[in-house]
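Structure record follows, encoded as structure tokens.
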Amino acid sequence: MASLQNNITPTAPLILLGCGKMGGALLKGWLENGLNPDAIIIVDPYLKGAKKQAPSLQENAFFESLRQLPSGLSPSFAVLAVKPQMMDEALDDFKNLKTDHTLFLSIAAGKTVDYFTNHLGGKAQIVRAMPNTPASIGMGMTAAYPNKNVTQEQKEICAELLGVVGLFDFVDDEALMDAVTALSGSGPAYIFHMAESMAQAGEALGLSRDLAKKLAAQTVSGAGALLYSSDDDAAQLRINVTSPNGTTAAALDVLMKEDGLTKLMTEALKAAYDRSKKLAL
Ligand SMILES: NC(=O)c1ccc[n+]([C@@H]2O[C@H](COP(=O)([O-])OP(=O)(O)OC[C@H]3O[C@@H](n4cnc5c(N)ncnc54)[C@H](OP(=O)(O)O)[C@@H]3O)[C@@H](O)[C@H]2O)c1
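In this note's numbering, the protein residues as written are 268 to 548.
Set out below in structure tokens:
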């Protein structure tokens with residue numbers, strides 16, 4: 268976190284705009300990873316909730332609106348973590364601040380670089396990122412796209428800022444952010460639904476609802492943890508637990524048939540991808 272500490276300081280602070288679920292998860296990660304609390308400014312109209320997320324910050328780190336910040340403040344980073352529908356209003360208030368050297372890091376779904384450029388001007392340095400909910404337990408996956416004004420150093424700091432809540436990667440084409448949204452952004456819900464489907468199928472085989480839910484939830488969590496900690500990829504881990512003509516093979520024959528899970532998942536991701544594109548219009 269050395270570059271974070273060198274580049275985000277009380278005189279060149281980081282403004283976190285929106286300290287809800289995702290903003291709060293990021294804040295927790297930054298503080299745990301040694302970012303100077305005096306270099307963080309939280310702006311959120313729901314002050315009580317924001318303070319709960321960061322009890323270690325001084326009272327004077329919290330503001331209800333950007334308009335309350337001292338004029339002439341020159342933030343090094345502005346992390347935009349408000350709901351997309353609040354973004355217009357939120358960006359307007361940056362006019363009072365000195366933002367020539369500010370990197371705007373947005374995690375708002377569907378808000379494009381063009382959208383931010385229209386509000387902040389063509390010289391604005393913008394990174395559009397898409398995290399996912401496991402970020403709240405440090406197991407997130409975030410992919411991001413930087414506009415052409417972003418420096419290599421700023422990219423490295425963004426990777427650190429977002430890396431505190433899981434894995435992080437840049438994409439080199441903004442159009443890919445819709446695919447990222449469809450795969451990892453919305454993906455946790457697909458896996459939760461898989462646990463629901465497995466539990467229902469277990470119930471149909473005679474297990475009680477409670478036991479079926481427990482077996483399904485622990486199986487999904489355990490398999491995820493194994494995939495995370497193993498050097499093998501998902502395909503190899505599947506092969507490792509599939510004996511020829513065994514029970515797993517019998518189930519996989521169904522899941523892996525021509526119109527099985529891969530076809531369904533392809534259709535599902537395409538639907539999310541199309542929706543993401545539409546939301547950006
Ligand atoms: N949660 C996810 O899984 C997820 C995944 C990927 C991306 N995202 C993105 O992350 C962003 C935040 O989502 P979230 O789930 O964290 O939402 P959230 O929990 O509702 O947090 C948003 C916070 O911003 C505050 N806020 C509203 N207007 C503001 C303004 N003008 N200035 C400063 N703060 C303001 C809200 O206060 P009030 O409650 O008083 O309105 C709230 O505390 C969204 O753009 C979303 O697309 C979320």
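For each residue, glycine too, the CB sits at the ideal point set by N, CA and C.
All values reported here derive from a predicted model rather than from experimental measurement.
At a Cβ-Cβ threshold of 8 Å, Leu494 and Leu478 do not count as neighbours. By the Cβ test, the stretch 308–320 is in contact with the stretch 328–344, since at least three Cβ pairs between them sit closer than 8 Å. Spatial neighbours of Leu358 in its own chain (CB-CB distance under 7 Å, excluding positions within 5 residues in sequence) are listed in chain order as His386 and Leu387.
Annotation: Val380 to Leu474 spans about 50 Å, alpha carbon to alpha carbon.
Relative to the Cα of Lys544, the nearest Cα in the group Val521, Val447, Leu372 and Ile458 belongs to Val447. Residue burial is scored here from C-beta neighbours: Ile404 has fewer than 16 other C-beta atoms within 10 angstroms and is therefore classed as exposed.
For Met397, the closest C-alpha among the options Ala391, Gly389, Thr409 and Thr514 is that of Thr409.
Cβ-Cβ separation between Leu271 and Glu427: approximately 5 Å, consistent with a contact (criterion under 8 Å). Here Ala348 really is in contact with Gly287; their C-beta atoms are around 7 Å apart, less than 8 Å.
In this structure, Ala292 lies near Ala402, with their beta-carbon atoms less than 8 Å apart. Secondary structure of Ser373 (DSSP, three-state): strand. In the same chain as Leu443, and ignoring 5 residues on each side of it, no C-beta atom comes closer than 6 Å to its own. Per DSSP, the continuous alpha helix (DSSP H) segment holding Ile458 begins and ends at Gly454 to Ala471. A distance below 6 Å between beta-carbons, with the five flanking residues on each side excluded, links Pro413 to the following residues of its chain, in chain order: Val394 and Lys422. Within 7 Å of the C-beta of Leu293 there is not a single heavy atom belonging to ligand 1.
For Met397, the enclosing beta strand (DSSP E) has its first and last residue at Gln392 to Met397. The Cβ atoms of Val346 and Leu283 sit closer than 8 Å to each other.
Bounds of the alpha helix (DSSP H) holding Ile506 are Ala501 to Asn507.
With a cut-off of 7 Å, the C-beta of Lys544 is classified as distant from ligand 1, since no heavy atom of the ligand falls inside that distance. For the pair Thr369 and Ser343, the CB atoms are nearer than the 8 Å cut-off.
Taking non-hydrogen atoms of ligand 1 into account, the C-beta of Met289 is found less than 7 Å away from one of them. In chain order, Ala535 place their CB closer than 7 Å to the CB of Tyr457, counting only its own chain and leaving out the 5 sequence neighbours on each side. Around Leu294, the same chain offers Leu283, Cys286, Ile307, Ile309, Gln320 and Ala321 as residues with beta carbons nearer than 8 Å, after the five sequence neighbours per side are excluded.
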